[in-house]
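S.K.: The structure under discussion is supplied below as structure tokens; questions concerning it will follow.
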Amino acid sequence: MNEPQNGISVIIPVYNSASTLPALVMRLKPILESQAGQFELVFVNDGSSDRSWQVITELASAEDRIHGISLMKNYGQHNALLCGIRAAKYDVCITMDDDLQNPPEEIPRLIAKLNEGHDVVYGTPQVRRHGFWRTLAADITRVAIRAALGADIAYKASAFRAFRTVLREAFSECRSPHVSIDVLLTWGTSDFASIAVHLDARSSGVSNYTFKKLAIHALNMITGFSTLPLRLASLMGFGFTLFGFGVLVYVVGRYLIHGSSVPGFPFLASVIAVFSGVQLFCLGILGEYLARMHFRMMERPTYSIRREIRPD
């Protein structure tokens, strides 16, 4: 990667958003022209099944500041972002969604906050426009980010961010198939800030993030970038050891005081079931970590590029 030049690189992962891209470019250009002498729009097509790549190609032929990258398949939003970040050529990166929910008009405020001396600035939505399950899944993800980042800024993290491109040097060797840009940024800095921004409604289509996808993403982050589940397993093991000792004291005490043991099969069966469940849960946690080690040893690519359109 070359030394970043002065300017702004806007990185946008694209997935089935052919209908919104022209309007997005039209709104971005005047904003960026007022903010920097040089800028580029890096569109990363993440295995779209619609005309997204054709639209990117058409936009790039009409605008020489558009850099298009098409991936071999759908790797996920954060993997596509990492690809775009590595391709960025200017010293400030802006990441945003492709659905027009992140207003380009808020970019000057992100940059102004970044220029106060921060390394990363999040645009936190004032109001999140999601349904119950989508909101619940997003909250689970933020808890996972909090466990991985170890910072309260995790609750303000969003896809709309501005950061200094030089931070990518801290994760230049990252080759994991499971990626979280927010966690990777913490490898390079601890100077995070946030501002409240407006969140527009989607102009078309529906969110590609379902509860299942977000829950899987949260699980990948909390086991891929944090030891919290292992600590939880240790605490549960310790807690149920104390519980077992308490049951033993109760049984022995009852025998000494009343001259009889605790009657009934249900009591014994319930205690065995509790301990077996905890053991299986802890084994499941260990299995998740072993699975991630297995995938990393396989050296699966973070992403693979099919074709690329570079500006002249």
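For the sequence shown, UniProt numbering begins at 1 and goes up steadily by one.
No residue lacks a Cβ here, since even glycine has one placed at the ideal position from N, Cα and C.
(1) For Cys282, collect the residues of the same chain with a Cβ closer than 7 Å to its Cβ; drop the 5 residues on either side in sequence, then sort them by chain order.
(2) Taking DSSP's pairing of strands, which residues face Pro125 in a bridge?
(3) Note down, in chain order, each residue of its chain lying with its Cβ closer than 7 Å to the Cβ of His198, except the 5 sequence neighbours on either side.
(4) Quick one: Cα of Ser48 to Cα of Ala273, how far?
(5) With respect to the alpha helix (DSSP H) encompassing Gln77, which residues constitute its N-terminal and C-terminal limits?
(6) What does DSSP give as the partner residue(s) for Val120 in the beta ladder?
(7) Per DSSP, what kind of secondary structure is Thr20 in: helix, strand or coil?
(8) Rounded to a whole number of angstroms, what is the C-alpha to C-alpha distance between Leu248 and Phe240?
(9) Looking at the unbroken beta strand (DSSP E) that takes in Thr95, where does it start and where does it end?
(10) So is Pro30 buried or exposed if we call it buried at 16+ other beta carbons inside 10 Å?
(11) DSSP has Val14 in a bridge; who is on the other side?
(12) Measuring CA to CA, which of Leu228, Tyr303, Met26 and Pro108 is closest to Ile8?
(13) Cutting at 7 Å between CB atoms, please list the residues of its own chain near Ala291, excluding the five before and the five after it.
M.R.: If we stick to the structure as given:
(1) Non-local beta-carbon contacts of Cys282 in its own chain, meaning distances under 7 Å to residues more than five positions away in sequence, involve Ala233, Met236 and Gly237 in chain order.
(2) Pro125 is bridged by DSSP to Val197.
(3) Closer than 7 Å at Cβ, skipping near neighbours: Pro103, Glu106 and Gln126.
(4) The C-alpha of Ser48 lies about 47 Å from the C-alpha of Ala273.
(5) From DSSP, the alpha helix (DSSP H) with Gln77 extends over Gln77 to Ala87.
(6) In the DSSP assignment, the residues bridged to Val120 are Phe163 and Phe192.
(7) Correct three-state label for Thr20: coil.
(8) If I take the Cα positions, the gap works out to 12 Å.
(9) That run of the beta strand (DSSP E) goes Tyr90 to Thr95.
(10) Counting other Cβ atoms within 10 Å of its Cβ, Pro30 stays below 16 and is therefore classed as exposed.
(11) Val14 is bridged to Asn45.
(12) That would be Pro108, whose Cα lies nearest to the Cα of Ile8.
(13) The beta carbon of Ala291 is closer than 7 Å to none in its chain, skipping five residues each way along the sequence.
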